[in-house]
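Residue numbering for the sequence shown follows this note's numbering, starting at 2 and increasing by one per position. Here a beta-carbon is modelled for each residue, glycine too, at the ideal position from N, C-alpha and C.
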Amino acid sequence: MDLVLGIESSCDDAAVAVLGDGWRVLGEAVASQADDFAAWGGVVPEIAARGHVAALPGLVERALAEAGVGIGDLAAVAVGAWPGLVGSLLTGVTAAKTIALRRGIPLVAVDHIEAHLAAVHLGRPEVVYPLVGLVASGGHSHVYLAEAPGRLTLLGGTIDDAAGEAFDKAGALLGLPYPGGPQVDRLAEDGDPTAIRLPRSYLGDGTLRLSFAGLKTAFLYAIKGPQGRQPVTLSPQGVADACASFRAAVVDSLAGAVVEAAQQTGVRTVAVGGGVACNRGLRRRLADEAARRNWNLLLPEPRHCADNGAMIAALGHARWRRGEVADGQLAPLPTGRAGPRRRG
Ligand code: KG4
Ligand code: ZN
């Protein structure tokens with residue numbers, strides 16, 4: 002079996018995984034700093050990077066131990082090298098380089114966004130391409146046409162905020178702990194999605210552009226009055242209704258874009274990745290659309306939708322097999338390299 006080690010450190014989670022043959026998850030270890038950042042209301046890059054430096058060696062050991070293999074058994078090491086917080090990325094890139102140089106094995110640089118879609122390979126021996134893929138995370142909300150792992154054409158996406166960022170801001174507005182996305186999702190389960198009328202950001206003009214800035218402002222005014230300055234005086238049921246209304250608006254937008262992309266391309270395999278793909282409302286809605294439209298819907302398990310090492314190893318495996326390996330000059334980049342190109 003080909004064993005690839007995947008290292009992820011782009012934001013506030015450090016994660017390492019051992020993957021067999023590009024799809025079998027053999028060992029995983031994660032060190033999340035999300036709780037530490039709750040007090041700050043967001044990620045502090047310098048603290049995140051220092052946390053990763055301390056955590057990574059132990060995570061590598063734990064992932065290898067869980068897989069029951071030694072570092073000498075690895076065929077390649079893959080690392081999320083862009084985009085992300087550059088100090089955080091640097092810690093993973095340095096760890097991966099060290100292992101690759103020390104063991105004399107190939108080093109593979111992986112794009113974090115592309116890796117979110119490669120998560121569909123985890124636990125699945127075969128994935129048939131092409132597929133339409135939505136990546137919805139804290140920094141991205143984009144729809145792609147994928148011809149192979151990491152071979153993506155951008156079809157469209159948000160022109161302002163990302164879906165996860167919008168969820169987090171809605172949560173902060175309601176006084177919920179950071180990160181708001183999972184909290185809003187959880188409370189939405191007991192709320193009425195029609196309680197507050199909110200705009201749908203999907204522009205519906207066939208261009209696959211999304212926008213969440215207007216939704217965020219409309220939500221602010223709905224919760225804190227026309228000036229956006231009144232204190233929040235919602236009852237617990239009012240908070241649940243607000244969460245449900247906000248989630249419904251985001252889900253309508255994201256699902257609308259995916260439906261449009263599937264129609265435009267004629268592709269019936271649909272994949273979703275990124276932290277927002279954990280959202281229960283979005284998962285149910287996409288399952289409904291898939292049943293109605295006869296899609297083959299590929300939804301990774303929630304732990305593989307959020308940032309994880311296995312998705313890095315999955316894309317790393319595919320790139321390594323295609324000969325796309327990096328050298329010792331590899332340096333992380335905050336914004337990504339050339340990035341996937343827009344169609345047309
Ligand atoms: O992919 P990810 O773990 O990190 C980035 O690459 O950004 O995504 C994190 C984002 C955060 O904004 C978080 O609030 C959001 O995903 N998120 C959710 C849920 N779980 C995580 N948003 C809505 N509903 C959820 N259940
Ligand atoms: Zn991510």
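Does DSSP put residue i in a helix, in a strand, or in coil?
| i | result |
| --- | --- |
| serine 138 | coil |
| glutamate 9 | strand |
| serine 236 | coil |
| leucine 57 | helix |
| valine 17 | strand |
| serine 33 | strand |
| leucine 177 | coil |
| leucine 211 | strand |
| alanine 77 | strand |
| glycine 340 | With a pLDDT of only 47 at glycine 340, under 50, the local geometry of the prediction cannot be trusted, and no value is derived from it. |
| leucine 27 | strand |
| alanine 332 | coil |
| alanine 327 | strand |
| isoleucine 100 | helix |
| aspartate 242 | helix |
| isoleucine 106 | coil |
| alanine 40 | coil |
| glutamate 261 | helix |
| glycine 345 | At glycine 345 the pLDDT is 32, less than 50, meaning the model places this residue with poor confidence; the figure from the coordinates comes in the next sentence. Note: glycine 345 maps to coil in three-state DSSP. |
| glycine 93 | helix |
| glutamine 184 | helix |
| aspartate 206 | coil |
| valine 70 | coil |
| glutamate 166 | helix |
| glycine 52 | helix |
Pull up the distance between the alpha-carbon of residue i and that of residue j, whole angstroms please.
| i | j | result |
| --- | --- | --- |
| alanine 339 | glutamate 115 | Here alanine 339 scores only 46 on pLDDT, less than 50, and its place in the model should not be relied on; the value that follows carries that caveat. Rounded to whole angstroms, alanine 339 to glutamate 115 spans 13 angstroms at the Cα level. |
| alanine 1 | serine 142 | Only positions 2 to 345 of the chain appear in the structure, and residue 1 is not among them; the question remains open. |
| proline 84 | leucine 90 | 8 angstroms |
| isoleucine 100 | leucine 4 | 14 angstroms |
| arginine 342 | glycine 134 | The predicted model places arginine 342 with a pLDDT of 42, which falls under 50 and marks its position as unreliable; any figure quoted below should be read in that light. If you take the alpha carbons of arginine 342 and glycine 134, they lie about 15 angstroms apart. |
| alanine 167 | alanine 137 | 11 angstroms |
| isoleucine 197 | valine 326 | 50 angstroms |
| arginine 284 | proline 183 | 13 angstroms |
| alanine 66 | methionine 312 | 19 angstroms |
| proline 180 | alanine 40 | 11 angstroms |
| glutamate 62 | leucine 331 | 23 angstroms |
| serine 11 | valine 268 | 31 angstroms |
| alanine 2 | histidine 318 | The sequence given here places methionine at residue 2; alanine does not occur at that position. Cα to Cα, methionine 2 sits roughly 12 angstroms from histidine 318. |
| alanine 258 | alanine 32 | 33 angstroms |
| arginine 125 | alanine 288 | 18 angstroms |
| leucine 57 | glycine 7 | 12 angstroms |
| glycine 52 | glutamine 34 | 8 angstroms |
| proline 150 | aspartate 22 | 14 angstroms |
| threonine 154 | threonine 270 | 15 angstroms |
| leucine 1 | leucine 199 | This structure cannot settle anything about residue 1, because the visible part of the chain is limited to 2 through 345. |
| lysine 225 | glutamine 238 | 16 angstroms |
| alanine 110 | arginine 323 | 13 angstroms |
| alanine 241 | asparagine 280 | 15 angstroms |
| leucine 177 | alanine 30 | 28 angstroms |
| leucine 175 | asparagine 297 | 36 angstroms |
| valine 260 | alanine 314 | 29 angstroms |
| alanine 147 | leucine 132 | 5 angstroms |
| aspartate 13 | proline 303 | 17 angstroms |
Which one or two residues does DSSP pair with residue i in a beta bridge?
| i | result |
| --- | --- |
| threonine 195 | Beta-bridge pairing links threonine 195 to no other residue. |
| tryptophan 83 | Asp112 |
| histidine 143 | Val136, Gly158 |
| threonine 270 | Asn297 |
| alanine 149 | Arg152 |
| leucine 347 | Coverage of the chain is limited to positions 2 through 345, which leaves residue 347 absent and any answer about it impossible. |
Residue i CB to nearest chain C CB: under 9 angstroms?
| i | result |
| --- | --- |
| glycine 276 | Here chain C cannot be found, since the structure has a single protein chain. |
Near ligand 2, which residues have their beta-carbon closer than 5 angstroms to a heavy atom?
Ser138, Asp308
Could you check whether the region 305-315 touches the region 267-280, counting it as contact only if at least three pairs of C-beta atoms, one from each stretch, sit closer than 8 angstroms?
yes
Are the region 202-220 and the region 154-165 touching by the rule of at least three beta carbon pairs closer than 8 angstroms?
yes
Below 8 angstroms, how does it come out for the region 69-77 and the region 32-52: are there three or more Cβ pairs, yes or no?
no
Are there three or more Cβ pairs, one per stretch, closer than 8 angstroms when the region 285-297 is compared with the region 78-98?
no
Cβ pair count under 8 angstroms reaching 3, the region 184-195 against the region 240-258:
yes
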